[in-house]
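Take a look at the structure below.
In my numbering, the protein residues as written are 780 to 970.
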């Protein structure tokens with residue numbers, strides 16, 4: 780199929796059963812052809828799916844999942860004090876947990892203080908902070924609301940856009956609002 784890598788990620792992190800049932804999710808997926816391009820050049824240095832560790836798989840899945848079902852057109856809306864604020868949001872909390880991205884730190888990268896000496900030769904897994912990492916979405920209603928022009932958008936993302944294009948970070952949504960029994964799936968042009 781066109782989404783074998785993403786399906787394998789879902790299975791490997793144990794979410795197949797969860798996503799097969801009813802619920803309320805918005806998921807942003809990437810086709811295999813885009814993953815193949817990703818494996819040629821990425822910040823993790825991965826050259827194949829098989830090189831991907833569990834932390835990387837969890838980050839890719841949960842950072843692309845929102846715990847509620849949203850049409851693209853409604854992602855920039857939010858409620859505050861029972862008042863609907865349309866086109867005013869540019870980010871959403873994702874399913875990513877701080878525990879999904881606990882990195883291994885090589886001993887040479889640790890601070891110079893003596894307390895770190897026991898880990899200098901073997902390194903360690905180090906939880907850095909508990910900050911949430913929101914998904915940034917650049918949608919027409921929001922861009923109109925805050926006055927971001929196409930030129931501004933190009934400076935921010937490096938991408939040209941057409942009216943009503945939807946972007947998640949710098950990645951264009953190439954197919955949107957695919958209905959499934961537990962929410963919506965959207966297809967991105969990047970990982």
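Glycine included, each C-beta is placed from N, C-alpha and C at the ideal position.
With respect to the alpha helix (DSSP H) encompassing residue i, which residues constitute its N-terminal and C-terminal limits?
{"i": "residue 791", "result": "783–791"}
{"i": "residue 834", "result": "833–841"}
{"i": "residue 795", "result": "795–799"}
Please name the residue, chosen from the options, that lies closest to residue i on a Cα-to-Cα basis.
{"i": "residue 848", "options": "872, 928 and 821", "result": "872"}
{"i": "residue 966", "options": "845, 903, 830 and 807", "result": "807"}
{"i": "residue 845", "options": "914, 877 and 957", "result": "914"}
{"i": "residue 949", "options": "865, 934, 805 and 901", "result": "934"}
{"i": "residue 884", "options": "930, 859, 902 and 892", "result": "902"}
{"i": "residue 787", "options": "805, 821 and 828", "result": "828"}
{"i": "residue 879", "options": "929, 834, 792 and 923", "result": "834"}
Keeping to the same chain, check which residues put their C-beta closer than 7 Å to that of residue i; ignore five residues upstream and five downstream.
{"i": "residue 789", "result": "795, 798 and 840"}
{"i": "residue 785", "result": "808 and 809"}
List the DSSP bridge partners of residue i.
{"i": "residue 951", "result": "946"}
{"i": "residue 925", "result": "Answer is none; residue 925 lacks a bridge partner."}
{"i": "residue 962", "result": "804 and 959"}
{"i": "residue 870", "result": "915"}
For residue i, which residues from the same chain have a beta carbon less than 6 Å from its beta carbon, with the 5 sequence-adjacent residues on both sides left out?
{"i": "residue 881", "result": "904 and 906"}
The beta strand (DSSP E) spanning residue i covers which residue range?
{"i": "residue 812", "result": "Run containing residue 812: none in the beta strand (DSSP E); it sits in the alpha helix (DSSP H), 811–817."}
{"i": "residue 877", "result": "Neither: residue 877 is in no beta strand (DSSP E) and is coded neither H nor E."}
So what does DSSP say about residue i, is it helix, strand or coil?
{"i": "residue 937", "result": "coil"}
{"i": "residue 888", "result": "helix"}
{"i": "residue 956", "result": "strand"}
{"i": "residue 977", "result": "Outside the shown range of the chain (780 to 970) lies residue 977, about which nothing can therefore be said."}
{"i": "residue 930", "result": "helix"}
{"i": "residue 860", "result": "coil"}
{"i": "residue 912", "result": "coil"}
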